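Report on the following structure.
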Amino acid sequence: MCYLRVTLGLTRGDSPGVPYVLEIWPYGNYSPKHNHGNAHAVIRVMHGSLNVKIFNKPLDKDTKPLKVITISKGDVTWISPNWYQTHQLINDVSGDYCATIQCYKYGDDDDTQWPYFDYFDENKTIAEFLPNSDFEYTKLREALLVEYASRLNSECAKYQR
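Taking the numbering used here, the leading residue of the sequence shown gets 395, the next gets one more, and so forth.
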């Protein structure tokens with residue numbers, strides 16, 4: 395169970411965590427069954443595919459999914475407080491990584507803003523996940539550019555011998 399959360403921008407106080415997130419899912423990895431604290435969201439798949447298991451609210455450790463859908467590059471999907479709020483994402487489709495861009499926001503009439511995602515932990519009890527970031531986008535970009543330059547220099551050195 396592992397994926398990379400890259401936040402784009404700053405928290406605005408109207409969503410669980412930073413509202414704009416790039417998630418990178420290595421093949422074979424998945425999220426726990428979770429919900430999004432009654433937030434609205436729009437999700438676009440930028441690369442690869444994910445299976446999405448959709449569950450009834452509230453979370454129940456023994457519930458079977460209502461439906462399983464596959465979302466792939468170019469697809470756009472959504473969640474709202476009453477639709478698709480509780481789900482599990484699994485990258486077991488294409489043998490490649492999957493990248494999604496997600497945008498979260500609480501409803502304008504939501505007076506109780508819950509900053510956590512509820513999920514089932516390894517003991518099958520409901521736990522709270524505060525959606526922090528593994529990387530800020532600018533820091534990830536800098537790290538990737540350094541790695542790219544290093545590899546490029548290494549490749550150029552091979553041909554200069």
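Glycine included, each C-beta is placed from N, C-alpha and C at the ideal position.
Note that the coordinates shown come from a computational prediction; the quantities given were computed from them, not determined experimentally.
What is the residue span of the beta strand (DSSP E) that residue 433 lies within? On the sequence shown, position 39 is the one that residue 433 refers to. Element bounds for residue 433: n/a, residue is neither H nor E.
Which same chain residues end up closer than 8 Å to residue 464 when comparing Cβ atoms and leaving out the 5 residues on each side of it in sequence? Translated into the one-based positions of the sequence shown, residue 464 becomes position 70. Taken in chain order, the residues that qualify are 443, 444, 445, 446, 487.
Below 7 Å between beta carbons: does that hold for residue 523 and residue 511? In the sequence shown, counting from the first residue as 1, residue 523 sits at position 129. In the sequence shown, counting from the first residue as 1, residue 511 sits at position 117. Taking a C-beta distance under 7 Å as the contact criterion, residue 523 and residue 511 qualify as a contact pair.
Buried or exposed for residue 415, going by 16 or more other Cβ atoms inside 10 Å? Here residue 415 refers to the residue found at position 21 when the sequence shown is read from its first residue. Around the beta carbon of residue 415, 16 or more other beta carbons sit within 10 angstroms, so the residue counts as buried.
Proximity to residue 501 [Cα-Cα], best of 403, 398, 410, 399: Start at 1 with the first residue of the sequence shown, and residue 501 comes out as number 107. Just measuring C-alpha positions, the residue of 403, 398, 410, 399 sitting nearest residue 501 is 410.
With H, G and I counted as helix, E and B as strand and the rest as coil, what does DSSP make of residue 536? In the sequence shown, the residue the question calls residue 536 occupies position 142. In this structure, residue 536 counts as helix in the three-state DSSP scheme.
Leaving out five residues on either side along the sequence, give the residues of the same chain with a beta carbon under 6 Å from the beta carbon of residue 478. In the sequence shown, counting from the first residue as 1, residue 478 sits at position 84. Sequence-distant Cβ neighbours of residue 478 in its own chain, meaning closer than 6 Å and more than five residues away, are 448.
What is the DSSP secondary structure of residue 545, reduced to helix, strand or coil? Indexing the sequence shown from 1 puts residue 545 at position 151. Assignment of residue 545 by DSSP, reduced to helix, strand and coil, places it in the helix class.
Beta-carbon separation of residue 527 and residue 406 under 7 Å? Taking the first residue of the sequence shown as position 1, residue 527 is located at position 133. Taking the first residue of the sequence shown as position 1, residue 406 is located at position 12. One thing to note: residue 527 has its Cβ no nearer than 7 Å to the Cβ of residue 406.
Between residue 497 and residue 413, is the Cβ-Cβ spacing less than 7 Å? Here the question's residue 497 lines up with position 103 in the sequence shown. Here the question's residue 413 lines up with position 19 in the sequence shown. The answer is yes: Cβ separation under 7 Å.
Cβ separation of residue 439 and residue 467, assumed to be a contact under 8 Å, to the nearest whole Å: Counting from 1 along the sequence shown, the entry for residue 439 is found at position 45. Counting from 1 along the sequence shown, the entry for residue 467 is found at position 73. Indeed they touch by this definition, with Cβ atoms about 5 Å apart.
Pick out the complete beta strand (DSSP E) segments inside the segment 436-491, 3 residues or longer, and give them in chain order. Within the segment 436-491, the complete beta strand (DSSP E) runs of at least 3 residues are 443-449, 461-466, 470-473, 480-484.
If you draw a straight line from the alpha carbon of residue 472 to that of residue 434, how long is it in whole angstroms? Locating residue 472 in the sequence shown gives position 78, counting from the first residue. Locating residue 434 in the sequence shown gives position 40, counting from the first residue. For the pair residue 472 and residue 434, the Cα-to-Cα distance works out to about 7 Å.
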